[in-house]
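Here is the structure we will look at.
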Amino acid sequence: MASVSTPGFSACPACAVAPAAEDLAQRAQAGSVPPARLMLSLPTAHCAACMSTVERGLGAVPGVSDARVNLTLKRVAVEAAPEVDAAQLIAVLAGLGYEAHELDAGTLSMTETDRQGRDLLMRLGVAGFAMMNVMLLSVAVWSGAEAETRDLFHWISALIALPTVAFAGQPFFRSALTALKARRLGMDVPISLAILLAAGLSLFETIEGGRHTYFDAAVALTFFLLAGRYLDHRTRAVARSAAQELAALEVPRAQRLQDGQEVEVPIAELRLGDLIRVRPGGRVPADGVVTEGASELDRSLLTGESLPARAAPGTDVSAGEVNLTGPLTVRVTAAGRDSSLHRMADLVAVAESVKNKYTSLADRAALIYAPGVHLLSLAAFLGWLWLSGDLRLAVNIAVAVLIITCPCALGLAVPAVVTAASGRLFRKGLLIKDGTALERLAEVDTVVFDKTGTLTLGMPEPENLADHPAADLQLAAALAGASSHPLARALAQGVAALGLPPAEVTDLREVPGYGIEGRWQGRRVRLGRAEWLDATPEAATATYLETGEGRPRAFTFTDRLRPGAEAAVRTLAAQGKAVHLISGDSAAAVQAMAARLGIAHWVAGALPEDKAARLAAMAAAGHKVLMVGDGLNDTAALAAAHVSVSPASALDAARVASDIVLLGTDLALLAEAADLSRRAVRRIKENFAISAAYNLIAVPIALMGLATPLAAALAMSASSITVSLNALRLR
Amino acid sequence: MDVLAYLIPISLILGAIGLGAFFWTLRHRQYDDPDGDAQRILSDEWDDYPKP
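Residue numbers (our numbering), protein chains in the order written: chain A, 1465 to 2195; chain B, 15 to 66.
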């Protein structure tokens, strides 16, 4: 992984030989190198033309042997020679009009879920094949095949159905076995029992030359339930791959200083005492102490503070902070297991382990269903045994009851609804990571927002430009244009938006950690921190301009609201939910934000433990809390909440802890998701009602001993298809 | 009823061919990108051969 960063152009021709020789040596070492496989994420690709444009564009790059777009995952896989790197391809794609990001191929280990999905699909295919054939043979029997012909058909059915059930039913049998070992009655126990009893009884009847067999029911049951299982798996696989993709976007590397040279190494290889270089705009990869350089640090993801903090030699820095202005050299004091990021991850693990175990609707239904059905079938068996004294008849009727009260609604109704609803939300940019998240979201009555990075974008916006004369604005814009500090960038953009060109300033120079200075009409002009200019600091986030005459002028900033934040708060409140704002930021900033959005309940200066404790208190008071947050300081709270949402810009730990990830920037989706989740839960309950209605009609018939295999097949297929169609109405 | 001796094996063989074709598509990863494949068939560009 480690590659020495070499200068692009060499001053002397001979110098260029060394890296090339190294490269050759590396290649020789690896033997015949397979072409590098690069993965790029293509969030904007959506059509047939996009695919051919991207594939042709990438194919034209020298060294690229193949490029293949996967539109489902919105990725492109590139086979290329080792000298082709991702940055080059991203530039080519940008030229074609497509945004692209490099993905860490190591993080995208899809092979395991891939294999599982294919395995399920194969079993589904086998069950489908068997169902069609057995159904054809059964139709012949139902329409009046007699004596030897019927026996022959039963035998052929048995030959097809028994291996199929043994192979395709394995996922159910295995999970039923684990459930029984744990002394639980899950959904899979009644399913397995119904399949096995149907197959076993039919085999017995076939040997005895009986009239009724249920091979078609056994196979159809397997097929419908496998379909539900596969839908469930696909929803989860899509969510998992999207979540992995978010993680893969952060390529975890650090620049280590070795013998005066910067070497790129994976974060895991950092050791105590290593010197690392953190470039402006980069994230601090490990905890440490600044040894060289001066800059400002954005700590908002860790603490929620919106004001940048100063960094100078001796300052402690934590992993996850963003370096803003000058390059810093940091001596690592804690890496890997001991770093604050890792400690926070442990906190999340603890919070998740105490998270109240939510029983899904399907599990709750199974809790009533499983004992009910088994008792009913046992009662039918005993009743008929007592009435007729015929053991074979009694077993036949008991099995008919078990098959007719098909657990399809449980196995198919919920996955179908969840797949339809989360598919719809995913297309809009909301990733449902957890299968039960939608059900929990539907129960929410309280919403807690974090401020920095959640309600706001963490991007400052100048507030008081109108209070300054145009000449000062032009001067400030000229100075600000020389820096990449977020305040400076916002100021330059703000002035440009007013249509004012920047003034002519010479000798521009950035003083890292302080500000920018330059020369304008022979005077020294400076833009920067209050202490540097001897200005009186304002209460709000501000930068100061010294023009050489009068007191320094203050430009104040507010944090830019996330689009849709106002709409989301308004709609959630209109849905009758209590909205809270809990932030680690200063009281003034939080109060201003609460007033701007009309949030009545707000708390400022909350520590991570405070947030989690407040959420726990709300839960204890009987509220179902939705937590929306992005920072490391929110992770414990996210894990403690009934259901949690984090934006894609959040730190990895926060995304891992939350159930739902907002892929776009628009927060208004949240209210829509809450609404859709309520409709999805209603749909699930409708599906339960539909299958209950089928049972109300079919079970008495089965109990009276009038159910034929034909009636069982009709009831099962009809109820499975109705619940699937009802679920599809959500799309 | 002698016709059954032919018809049943024939129907089973036809079904098995379908199942075999399904396995083949599964092994050749034809379900990895359903959206993309749905769009690709509309593309007016020739491919001379299916890409691996």
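Virtual Cβ for every residue (Gly too), placed ideally from N, Cα, C.
Small disclaimer: the values here were computed from a predicted structure and weren't measured.
Beta strand (DSSP E) containing residue i: first to last residue?
i: Gln1722 of chain A; result: 1717 to 1722
i: Arg2017 of chain A; result: 2017 to 2025
i: Leu1739 of chain A; result: 1739 to 1742
i: Ser2108 of chain A; result: 2107 to 2111
i: Leu1894 of chain A; result: 1894 to 1896
i: Thr1670 of chain A; result: Looking at the DSSP string, Thr1670 of chain A is not in any beta strand (DSSP E); the run it does join, the alpha helix (DSSP H), is 1652 to 1672.
i: Ser1529 of chain A; result: 1528 to 1534
i: Gly32 of chain B; result: It is not in any beta strand (DSSP E) - Gly32 of chain B instead sits in the alpha helix (DSSP H) that spans 18 to 41.
Could you tell me which chain A residues have their CB closer than 7 Å to the CB of residue i, listed as they occur along the chain?
i: Gln53 of chain B; result: Cys1511, Ala1512, Met1515, Leu1535
i: Leu56 of chain B; result: Ala1512
Against residue i, what residues of chain A qualify as contacts under a CB-to-CB distance less than 9 Å, listed in chain order?
i: Tyr45 of chain B; result: Gly1581, Arg1582, Leu1585
Taking Cβ-Cβ distances shorter than 8 Å, what residues in chain A pair up with residue i?
i: Asp16 of chain B; result: Under the 8 Å cutoff, chain A gives no residues; its nearest Cβ is about 11 Å from Asp16 of chain B.
Alpha helix (DSSP H) containing residue i: first to last residue?
i: Ile2046 of chain A; result: Looking at the DSSP string, Ile2046 of chain A is not in any alpha helix (DSSP H); the run it does join, the beta strand (DSSP E), is 2042 to 2046.
i: Leu2127 of chain A; result: Counting along the chain, Leu2127 of chain A falls outside any alpha helix (DSSP H), and DSSP gives it neither H nor E.
i: Asn2151 of chain A; result: 2133 to 2167
i: Ala1643 of chain A; result: 1634 to 1645
i: Val1748 of chain A; result: Run containing Val1748 of chain A: none; DSSP gives neither H nor E here.
i: Ala1961 of chain A; result: 1950 to 1961
i: Ile53 of chain B; result: Going by the sequence as given, residue 53 of chain B is Gln instead of Ile. Taken as a continuous stretch (DSSP letters only), the alpha helix (DSSP H) holding Gln53 of chain B covers 48 to 54.
i: Ile1731 of chain A; result: Premise fails: Ile1731 of chain A is in no alpha helix (DSSP H) and is neither H nor E.
When burial is assigned at 16 or more other CB atoms within 10 Å of the CB, is residue i buried or exposed?
i: Cys1511 of chain A; result: exposed
i: Lys1892 of chain A; result: exposed
i: Gln1938 of chain A; result: buried
i: Tyr2008 of chain A; result: buried
i: Gly1724 of chain A; result: exposed
i: Thr39 of chain B; result: exposed
i: Glu1669 of chain A; result: buried
i: Met1465 of chain A; result: Note on Met1465 of chain A: pLDDT 34, under 50, position unreliable in the model; the coordinate value appears next. Exposed: under 16 other Cβ atoms inside 10 Å.
i: Thr1508 of chain A; result: exposed
i: Asp1936 of chain A; result: buried
i: Arg1693 of chain A; result: buried
i: Ala1482 of chain A; result: Residue confidence for Ala1482 of chain A is low, a pLDDT of 37 falling below 50, so the modelled location carries little weight; the figure read from the coordinates is stated next. Exposed, because fewer than 16 other Cβ atoms sit within 10 Å of the Cβ of Ala1482 of chain A.
i: Val2033 of chain A; result: buried
i: Lys1645 of chain A; result: exposed
i: Gln53 of chain B; result: buried
i: Trp1848 of chain A; result: buried
i: Ala1475 of chain A; result: Below a pLDDT of 50, predicted positions are generally treated as unreliable, and Ala1475 of chain A, at 35, falls in that range; no measurement from the model is reported.
i: Val2111 of chain A; result: Checking the sequence, you will find Pro at residue 2111 of chain A rather than Val. Its Cβ being crowded by 16 or more others within 10 Å, Pro2111 of chain A is buried.
i: Pro2185 of chain A; result: According to the sequence as given, residue 2185 of chain A is Ile; it is not Pro. By the neighbour-count rule (16 or more Cβ atoms within 10 Å), Ile2185 of chain A is not buried but exposed.
i: Glu1461 of chain A; result: Since the first residue shown for chain A is 1465 and the last is 2195, residue 1461 of chain A is missing from the structure and cannot be characterised.
i: Gln1493 of chain A; result: Interpretation of Gln1493 of chain A is limited by its pLDDT of 41, a score under 50 that renders its predicted location unreliable; the figure taken from the coordinates is listed afterwards. Gln1493 of chain A comes out exposed.
i: Ala1625 of chain A; result: buried
i: Met1651 of chain A; result: buried
i: Val1754 of chain A; result: buried
i: Met2057 of chain A; result: buried
i: Gly2040 of chain A; result: exposed
i: Trp2066 of chain A; result: buried
Which residues in chain B have a C-beta closer than 9 Å to the C-beta of residue i? List them in chain order.
i: Phe1593 of chain A; result: Gly29, Ala30, Gly32, Leu33, Phe36
So which residues on chain B does residue i lean against when the C-beta distance must stay under 8 Å?
i: Gly1589 of chain A; result: Leu33, Phe36, Phe37, Leu40
i: Met1596 of chain A; result: Gly29
What residues from chain B crowd round residue i, counting only those whose CB sits closer than 7 Å?
i: Leu1600 of chain A; result: Ser25
i: Ile1620 of chain A; result: Ile22
Determine, for residue i, whether the minimum Cβ-Cβ distance to residues of chain D falls below 9 Å.
i: Leu1616 of chain A; result: Absent from the structure is chain D; the protein chains it does hold are A and B.
Assuming residue i and residue j are in contact, meaning their beta carbons sit under 8 Å apart, how far apart are those beta carbons, in whole angstroms?
i: Leu2079 of chain A; j: Ala2104 of chain A; result: 5 Å
i: Val2054 of chain A; j: Thr1918 of chain A; result: Their Cβ separation, rounded to whole angstroms, is 12 Å, which puts Val2054 of chain A and Thr1918 of chain A out of contact at 8 Å.
i: Ile1867 of chain A; j: Ala1662 of chain A; result: 5 Å
i: Thr1527 of chain A; j: Ala1550 of chain A; result: Sequence check: residue 1527 of chain A is Gly here, not Thr. Contact flag wrong, Cβ pair sits at about 13 Å.
i: Glu2278 of chain A; j: Thr2020 of chain A; result: An answer regarding residue 2278 of chain A cannot be provided, because it is not within the stretch 1465 to 2195 covered by chain A.
i: Ala1954 of chain A; j: Glu1974 of chain A; result: Contact doesn't hold; Cβ gap of about 16 Å is too wide.
message = Counting beta carbon pairs with one atom in the segment 2043 to 2051 of chain A and one in the segment 2005 to 2019 of chain A, are three or more of them shorter than 8 Å?
response = no
ask   = Does the pairing of the segment 2099 to 2114 of chain A with the segment 1899 to 1919 of chain A give three or more beta-carbon distances under 8 Å?
value = Per the Cβ contact rule, the segment 2099 to 2114 of chain A is in contact with the segment 1899 to 1919 of chain A (3 or more Cβ pairs under 8 Å).
ask   = Three or more beta-carbon pairs under 8 Å between the segment 1580 to 1595 of chain A and the segment 1622 to 1642 of chain A, yes or no?
value = yes
inquiry  = When you compare the segment 2029 to 2042 of chain A with the segment 2061 to 2080 of chain A, are there three or more beta-carbon pairs, one atom per stretch, that lie closer than 8 Å?
reply    = Per the Cβ contact rule, the segment 2029 to 2042 of chain A is in contact with the segment 2061 to 2080 of chain A (3 or more Cβ pairs under 8 Å).
The segment 1880 to 1899 of chain A / the segment 1981 to 2001 of chain A touching (three or more Cβ pairs under 8 Å) = no
message = Three Cβ pairs or more, each shorter than 8 Å: is that satisfied between the segment 1775 to 1788 of chain A and the segment 1733 to 1750 of chain A?
response = yes
Validate contact between the segment 2171 to 2190 of chain A and the segment 1675 to 1692 of chain A using beta carbons, cut 8 Å, 3 pairs = yes
message = For the segment 2069 to 2076 of chain A against the segment 1941 to 1951 of chain A, do three or more pairs of beta-carbon atoms, one drawn from each stretch, fall closer than 8 Å, so that the two count as touching?
response = no
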